[in-house]
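> Okay, here's the structure, questions in a sec.
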Amino acid sequence: MSPVMVWSLPDELFYSSIIRDFMRSGMSVENYNKKVFLSRKSKANPLYTVQLGRLANLYKKDVDEVFLSGTILPYFMIFGNHEYRVKIHDSFSESRNVKRLLNLTNFINNEEDCLKFCSYCYQEDRVEFGVPYWHRSHQYPGMVACGKHECLLISTRVDQDQRGLHFSLPRPGVNGAEASIDEVNISRVVDYLISRFVEGDGLNVNRSLREMLFKSGYLSLSGSTRRKVLLRDLLAFSGGFPNVSSGLLPSSEIDYKYVSGIVSPALPQHPFKKFFLLSFLLGDVEKLKESLSTLVEESVVSSGYSCEDGGLERSPLPDKVHAHNQALMRKHQSRIINAIKSNPGAKRQDIREACCAAYYYLYNNDRKWFEENMPRKIKARCNGKVDWGERDLELSVVVEGYLSGARRLVSLNELDKAVSGRRWLTRYRHRMPICFSLYLEWLVNVSA
Ligand SMILES: [Zn+2]
Numbered sequence: 310m311s312p313v314m315v316w317s318l319p320d321e322l323f324y325s326s327i328i329r330d331f332m333r334s335g336m337s338v339e340n341y342n343k344k345v346f347l348s349r350k351s352k353a354n355p356l357y358t359v360q361l362g363r364l365a366n367l368y369k370k371d372v373d374e375v376f377l378s379g380t381i382l383p384y385f386m387i388f389g390n391h392e393y394r395v396k397i398h399d400s401f402s403e404s405r406n407v408k409r410l411l412n413l414t415n416f417i418n419n420e421e422d423c424l425k426f427c428s429y430c431y432q433e434d435r436v437e438f439g440v441p442y443w444h445r446s447h448q449y450p451g452m453v454a455c456g457k458h459e460c461l462l463i464s465t466r467v468d469q470d471q472r473g474l475h476f477s478l479p480r481p482g483v484n485g486a487e488a489s490i491d492e493v494n495i496s497r498v499v500d501y502l503i504s505r506f507v508e509g510d511g512l513n514v515n516r517s518l519r520e521m522l523f524k525s526g527y528l529s530l531s532g533s534t535r536r537k538v539l540l541r542d543l544l545a546f547s548g549g550f551p552n553v554s555s556g557l558l559p560s561s562e563i564d565y566k567y568v569s570g571i572v573s574p575a576l577p578q579h580p581f582k583k584f585f586l587l588s589f590l591l592g593d594v595e596k597l598k599e600s601l602s603t604l605v606e607e608s609v610v611s612s613g614y615s616c617e618d619g620g621l622e623r624s625p626l627p628d629k630v631h632a633h634n635q636a637l638m639r640k641h642q643s644r645i646i647n648a649i650k651s652n653p654g655a656k657r658q659d660i661r662e663a664c665c666a667a668y669y670y671l672y673n674n675d676r677k678w679f680e681e682n683m684p685r686k687i688k689a690r691c692n693g694k695v696d697w698g699e700r701d702l703e704l705s706v707v708v709e710g711y712l713s714g715a716r717r718l719v720s721l722n723e724l725d726k727a728v729s730g731r732r733w734l735t736r737y738r739h740r741m742p743i744c745f746s747l748y749l750e751w752l753v754n755v756s757a
């Protein structure tokens, strides 16, 4: 094994550097497989290389760096929440249960065994680095264009036989044809967002997507999607992607499933579809940069704190704002502490009633302090007969308190999670008319 494997070419797929190492080694495929993959018949997949942790150690590389810069996994992680990201990370580092995790059988249309390259990048790489190689940014499933050269990528099947993979580097025949402007744009959008993701700026793409949908009028005030209009517009936009697999684009004016899937952060989707929606909402990467920086600034100034689901990391605030926030925080904390002192047996609910504003300010802005200092949560006992009227009334106080402390747009789902945690406001909203109308009223005021 070469202890000095070179994996330093710009944008190189980690797997590509393994191939180059194999070529330098002069070993047979079987022997190399046995050494690297611990089996003579390696079934290693170039795109979904498992045991990354072990391979990175073997080649003396930093596993996180390999993971983030040498694989296409960030493409899948970018729309996932924190848990999903951790799951992907762990499963690639150790186990082999990867396809099931990413729903790859549903997602990948015959792309699984293909590697793509750009014939112009190939020529440039040979001149500049003396060797062609597989670029990471060309391998994202669904993408068809090189954002740099505005041409179509050339797809090559990765041959396998009983010995396992045939290791090879790009072998061009003809140059890639010109790609459409939309196909080029979407590649640039992906490159840009993934580079930000890799740099760890903590951008919450799902939330930004929803805010863009809202600003563009595709989300109604109640938080539901205007599916018909959105689908019609997406269908028209899909005409600009003649080389993309039709399975990744909306199929007809009644393909509502497509729209529901891409606007919901909860449903696992092919990442291409989400990037397709982003491209549609923003046009090109310059507008995307502008719009994302506005969204980031708005969120940072309004909260200064991170979102739990992999959202914005805490960022430095201007001194004055920071000092003001700290003072406010201390004021609310001392209110809560006094309330607990004056009523040591109080439940959470009692504290909430005694100092509603402080309760929700801290719940929203310093959850750690909140959980450490509040009386313990008491689990509600299950009662077969529910008085929905009474529940609606009781919860309406909570809803009002929560919304008055909210400093950004809150979806009905988020509100439900925070105040009931039991889908009372979403699934049973018809039984909670007071709460629901409170929310609508708040939305109208906020949007005005
Ligand atoms: Zn290129």
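Counting from 1, position 174 in the sequence shown corresponds to residue 483 in my numbering; the numbering is continuous, with no gaps.
Positions of the beta carbon are idealized from the N, C-alpha and C atoms, including for glycine.
Keep in mind it's a predicted model, so treat the numbers as computed, not measured.
Can you tell me whether H444 is helix, strand or coil according to DSSP?
Correct three-state label for H444: strand.
> Which of the three DSSP states, helix, strand or coil, is assigned to A727?
It is helical.
> Only counting runs of 4 or more residues, tell me where the alpha helix (DSSP H) segments fall wholly within the segment 637 to 680, in order along the chain.
Entirely contained in the segment 637 to 680, the alpha helix (DSSP H) runs reaching 4 residues are, in chain order, 657 to 663, 665 to 674.
> Flag this pair as yes or no: are the beta carbons of G710 and Y668 separated by less than 8 Å?
For G710 and Y668, yes; Cβs fall inside 8 Å.
> For K566, which of helix, strand or coil comes out of DSSP?
helix
> To which residues of the same chain is S547 closer than 7 Å at the C-beta, ignoring the five residues directly before and after it?
Answer for S547: L558, P559, listed in chain order.
> Have a look at N682, P742, G509, I495 and flag the residue whose alpha-carbon is nearest the alpha-carbon of E703.
P742
> Please report the straight-line C-alpha distance between N494 and R535, rounded to a whole angstrom.
25 Å
> Mind listing which residues have their beta carbon within less than 5 Å of any non-hydrogen atom of ligand 1? Chain order is fine.
C427, Y429, C430, C455, K457, H458
> In its own chain, which residues sit with a C-beta less than 7 Å from the C-beta of W751, not counting the 5 before and 5 after it?
L712
> Do you know offhand how far K425's Cα is from A727's?
45 Å
> Would a check of beta-carbon distances place F745 closer than 8 Å to chain C?
Absent from the structure is chain C; it holds one protein chain and no more.
> Check whether the Cβ atoms of P481 and S446 sit closer than 8 Å, and answer yes or no.
no
> Contact between the segment 485 to 502 and the segment 359 to 366: three or more CB pairs below 8 Å?
No: the two stretches stay apart, fewer than three of their Cβ pairs being nearer than 8 Å.
> Any idea what DSSP makes of R466, helix, strand or coil?
strand
> Work out the CA separation of L597 and V605 for me, nearest whole Å.
Low local confidence applies: a pLDDT of 49 at V605 is under 50, so the model's placement there is unreliable, and no value is given.
> For C460, which of N552, K369, N682 has the nearest alpha-carbon?
N552
> Between G379 and Q432, what straight-line distance do the alpha-carbon atoms span, to the nearest angstrom?
21 Å
> Over what stretch of residues does the beta strand (DSSP E) that includes F426 continue unbroken?
423 to 426
> Is it true that the CB of L747 sits closer than 8 Å to the CB of S720?
no
> Spatial neighbours of I387 within its chain, please: C-beta separation below 6 Å, excluding the five flanking residues on both sides.
Closer than 6 Å at Cβ, skipping near neighbours: F506, V514.
> Note down, in chain order, each residue of its chain lying with its Cβ closer than 8 Å to the Cβ of L637, except the 5 sequence neighbours on either side.
Y670
> For R676 and N647, I'd like the C-alpha separation in whole angstroms.
18 Å
> Could you check where the alpha helix (DSSP H) with A758 kicks off and where it finishes?
No answer is possible for residue 758: the residues shown for the chain start at 310 and end at 757.
> Could you name the residues that DSSP lists as bridge partners for T534?
According to DSSP, T534 bridges with L528.
> By DSSP, does E492 sit in helix, in strand, or in coil?
helix
> Does the Cβ-Cβ distance between L322 and V345 come in under 8 Å?
no
> What is the rounded straight-line gap between the Cα of L724 and the Cα of V453?
40 Å
> Sort V568, E508, E562 by Cα distance to Y527 and report the nearest one.
V568
> In the DSSP assignment, what residue or residues form a beta bridge with E321?
The partner list for E321 (beta bridge, DSSP) reads H444.
> Counting only the same chain and skipping the five closest in sequence on each side, list residues whose C-beta sits under 7 Å from that of V594.
N494, R497, V498, Y501
> Per the DSSP calculation, A454 is bridged to which residue(s)?
L461
> Please go through the same chain and pick out, in chain order, the residues whose beta-carbon is closer than 6 Å to the beta-carbon of D320, but skip the five residues on each side of it.
H444, R445, S446
> What does DSSP give as the partner residue(s) for E487 in the beta ladder?
C460
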